[in-house]
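Colleague: In the working numbering, the protein residues as written are 1400 to 2093.
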């Protein structure tokens, strides 16, 4: 038996490749033993002849896929199935042949080498190779096996080589001079233009920092670096003025920020250029000589007096003429005015410091040739105090003196106020008027602190004799001119207890009995009020009893107020019907004769059933209308009248001529014309009757 077999890979013969033979000493050649193969590839790659133990490779093998196979062999008795020997293990190794060419792990390799590099595994063939000239190279590399001998195989790959950048180039300006312009009104920070220095390097090796090295405009302009574009931006640093300087020259420097010490020998890694900036003139508004003005004026200054002056001028070369004016929104009362030609301020109305101590106005300066160009300035006017107000009492004092007061007692401390404000502060003096310089009852003491004390000069005061004292006091100030005023202090005499506390100051209390209490006084007062109320009620009742009747005399004639439902038929219709009957059927007099029918013609009065059961007014009127339509002596029932009925006992009797028992056709009514204009219409009606009959 063998423990190891060898087999060539990639066998291409016509027959299967013989590997080896398994054999046991128990095999007598009689065919009683059976060989069985198990393990890697048994039955598929390797086949054994179970009678002879010969092993063949059924397929072509590849060592690069699997170079070693482990198998196990055993021999068993065909009849009993028993192993005649223990199972043994053996190995089949595949011999290598040169059937694979060399292969690179990548089809394409990429490598980078800093420019200007020295020798390496892959090294430059030329010295000082520059990335700026050529950045990328491509190299093909071949690998051979068998040491390059004949019959060996080979493989190739490609290597792309990129030269990386180093800072071996300084920045360079493409031109030596740049020109820009700026209006003189450009505020600080305004960008004027951009300049750029070229650097063929890449990344941080190409980063540039710009600065102004020198020049007459280094304090007026600045330059900053745009990190994204590597440009230098020139900006205004200070306010420009065309009238002062119209042209500035700058020397601008561009330098690399990341230097490589290996290449410093190549020269300075920076460059400079000249920048010229011209200032453009614009029409500017007038400029005042100050940012604000403070003017002080006495409050007694006369109207028209000049209090100060503002000055402005045109900053342009043309020096246009300027006129001045006051912004009336800041001086609504027009207290101040200004001369438009020279800016002198003067007073137009009287001043009063106590009313307005400060005036804040605005003065406007405008170019006459270009009114759009104007500027304004605040003017603060302080009104200085003049002693034009007299001092007076600080408040109204309610002063009293006790009846039991002793001489030399302090009864009141007074103080004063003044609307003026002297620079050294107030100082007031108090004294009695000359007529009361020696007052028999009171005296005044100046406390030297702008207050004064009122003192008593005698013992005891009497309300019954004098209930009130008037004490005139003169108050002076110490300013110039001295102002003074006289204030009168009213002092009441009051009853006080032993400790000086006021109890009563009314003189009426002296007239009441000494032992009368407050409750008794209230009871007496209530009784008096009740008596007055009773007297007023009695007088009102008596006046009501004496009320005059409605009709005082027979001359008081009151016309009946008549309302019609139609055009009317004249005076005869006014007595046609008593409307009171319509309103109250129960009050109707059944036996009353119609007043519009003569007494000679008396018809039988019809009795009708009472209608108060039915309160329907419309039904009542229809029934009465039907009854009167059947009566030939009755006027139309639908002609109704209302009037003031005097009653049966009236002394005025009836004023209507319709109730007269006899009618005198020849009665003379001319006397109606003498009754005045109020009876003119009645005189025309009856006075013209005679002519009507004719």
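Built from N, CA and C at the ideal position, the CB exists for glycine as well.
Remember, predicted model here, so these are calculated numbers, not experimental data.
Could you give the distance in angstroms between the alpha-carbon of residue 1721 and the alpha-carbon of residue 1746?
Modeller: Their Cα atoms are separated by approximately 22 Å.
Colleague: So, for residue 1845: in the same chain, excluding its five sequence neighbours on each side, which residues have a beta-carbon less than 8 Å away from its beta-carbon?
Modeller: Here the set comprises 1828, 1829, 1830 and 1851.
Colleague: Applying the 10 Å Cβ sphere with the 16-neighbour rule, what's the burial state of residue 1887?
Modeller: It is exposed - the Cβ of residue 1887 has fewer than 16 other Cβ atoms within 10 Å.
Colleague: Would you kindly report the start and end of the unbroken beta strand (DSSP E) that includes residue 1449?
Modeller: Here residue 1449 belongs to no beta strand (DSSP E), and DSSP marks it neither H nor E.
Colleague: Please name the residue, chosen from 1841, 1633, 1607 and 1625, that lies closest to residue 1618 on a Cα-to-Cα basis.
Modeller: The shortest C-alpha separation from residue 1618 is found at 1633.
Colleague: When the Cα of residue 1653 is compared with those of 1813, 1536 and 1605, which residue comes out closest?
Modeller: Residue 1605 is the option with its Cα nearest to residue 1653.
Colleague: Starting from the C-beta of residue 1423, find all residues in its chain whose C-beta is less than 6 Å away, skip the five residues before and the five after it, and write them out in chain order.
Modeller: Contacts found: 1474 and 1484.
Colleague: Output the distance between the C-alpha atoms of residue 2128 and residue 1791, rounded to the nearest integer angstrom.
Modeller: Because residue 2128 is not part of the residues shown, which for the chain are 1400 to 2093, the question remains open.
Colleague: Count the CB pairs spanning the segment 1722-1730 and the segment 1801-1820 that are closer than 8 Å, and state whether there are at least three.
Modeller: In short, these stretches do not touch, since the Cβ pair count stays below three.
Colleague: Please return the same chain residues whose Cβ sits closer than 7 Å to the Cβ of residue 1817, not counting the five positions on each side in sequence.
Modeller: Cβ neighbours of residue 1817 beyond the five flanking positions: 1788, 1790, 1825 and 1876.
Colleague: Hey, quick one: how far does the beta strand (DSSP E) through residue 2027 stretch, first residue to last?
Modeller: Premise fails: residue 2027 lies in the alpha helix (DSSP H), 2016-2028, not in any beta strand (DSSP E).
Colleague: Output the boundary residues of the beta strand (DSSP E) element that contains residue 1830.
Modeller: First-last of the beta strand (DSSP E) with residue 1830: 1828-1831.
Colleague: Nearest by alpha-carbon distance to residue 1737: which of 1708, 1749, 1503 and 1729 is it?
Modeller: Minimum Cα distance to residue 1737 is reached at 1708.
Colleague: Go ahead and label residue 1711 buried or exposed: buried means 16 or more other beta carbons lie within 10 angstroms of its beta carbon, across all protein chains shown.
Modeller: Buried, since its Cβ has 16 or more Cβ neighbours within 10 Å.
Colleague: How do the segment 1920-1934 and the segment 1883-1897 stand: do at least 3 beta-carbon pairs fall below 8 Å, yes or no?
Modeller: They do not touch, by the three-pair rule.
Colleague: Beta strand (DSSP E) containing residue 1593: first to last residue?
Modeller: From DSSP, the beta strand (DSSP E) with residue 1593 extends over 1590-1594.
Colleague: On a Cα-Cα basis, can you pick out the residue from 1574, 1893, 1471 and 1503 that is closest to residue 1539?
Modeller: When only C-alpha atoms are compared, the closest one is 1503.
Colleague: If the criterion is Cβ atoms closer than 8 Å, does the pair residue 1410 and residue 1459 meet it?
Modeller: Their beta carbons are under 8 Å apart, which means residue 1410 touches residue 1459 by this criterion.
Colleague: Which residues in the same chain as residue 1433 place their Cβ atom closer than 6 Å to its Cβ, once the five residues preceding and following it in sequence are excluded?
Modeller: These residues qualify, in order along the chain: 1449, 1475 and 1477.
Colleague: Report the rounded CA-to-CA distance for residue 1925 versus residue 1796, giving the unit in angstroms.
Modeller: Computed Cα separation, rounded: 36 Å.
Colleague: Using 8 Å as the threshold, is the C-beta distance between residue 1680 and residue 1641 below it?
Modeller: For residue 1680 and residue 1641, yes; Cβs fall inside 8 Å.
Colleague: Determine the direct distance from the alpha carbon of residue 1568 to that of residue 1557, and round the result to whole angstroms.
Modeller: So the alpha carbons of these two residues sit roughly 31 Å apart.
Colleague: Quick one: complete beta strand (DSSP E) runs, 3+ long, within the segment 1412-1481?
Modeller: Those beta strand (DSSP E) runs which fall completely within the segment 1412-1481 and span 3+ residues are 1416-1420, 1432-1438, 1445-1447, 1453-1456 and 1467-1476.
Colleague: Around the Cβ of residue 1406, are there at least 16 other Cβ atoms within 10 angstroms (buried) or fewer (exposed)?
Modeller: Buried: at least 16 other Cβ atoms inside 10 Å.
Colleague: Beta-carbon separation of residue 1879 and residue 1779 under 8 Å?
Modeller: It is not a contact, given that the beta carbons lie outside the stated cut-off.
Colleague: Specify whether the segment 1576-1583 and the segment 1667-1677 touch according to this definition: at least 3 beta carbon pairs, one from each stretch, less than 8 Å apart.
Modeller: Flag = yes, the segment 1576-1583 and the segment 1667-1677 touch.
Colleague: Taking the beta carbon of residue 1655 as the centre, do at least 16 other beta carbons fall within 10 Å, making it buried, or is it exposed?
Modeller: That one is buried.
Colleague: Put residue 2078 into one of helix, strand or coil per three-state DSSP.
Modeller: Of the three classes helix, strand and coil, the one that applies to residue 2078 here is helix, per DSSP.
Colleague: Whose C-beta lies closer than 8 Å to the C-beta of residue 1494 among residues of the same chain, with five residues either side of it excluded?
Modeller: Result list for residue 1494: 1405, 1406, 1407, 1408 and 1462, in chain order.
Colleague: Note down the Cα distance separating residue 2031 from residue 2084, rounded to an integer number of angstroms.
Modeller: Looking at the two C-alpha atoms, the distance is approximately 29 Å.
Colleague: Taking the alpha-carbon of residue 1471 as reference, which of 1499, 1496, 1457 and 1439 has the nearest alpha-carbon?
Modeller: Ranking the options by Cα distance to residue 1471, first place goes to 1439.
Colleague: Could you name each continuous beta strand (DSSP E) segment of 3 residues or more that falls completely within the segment 1843-1918, going from the start of the chain to the end?
Modeller: Entirely contained in the segment 1843-1918, the beta strand (DSSP E) runs reaching 3 residues are, in chain order, 1850-1855, 1867-1875, 1883-1895 and 1901-1903.
Colleague: Put residue 1602 into one of helix, strand or coil per three-state DSSP.
Modeller: In the structure shown, residue 1602 sits in a helix (DSSP, three-state: H, G or I).
Colleague: Determine the contact status of residue 1552 and residue 1501, defining contact as a CB-CB distance below 8 Å.
Modeller: Cβ atoms of residue 1552 and residue 1501: closer than 8 Å.
Colleague: Per DSSP, residue 1686 is paired with what?
Modeller: Per DSSP, 1712.
Colleague: With DSSP as the reference, label residue 1756 as helix, strand or coil.
Modeller: Residue state, collapsed to three classes: coil.
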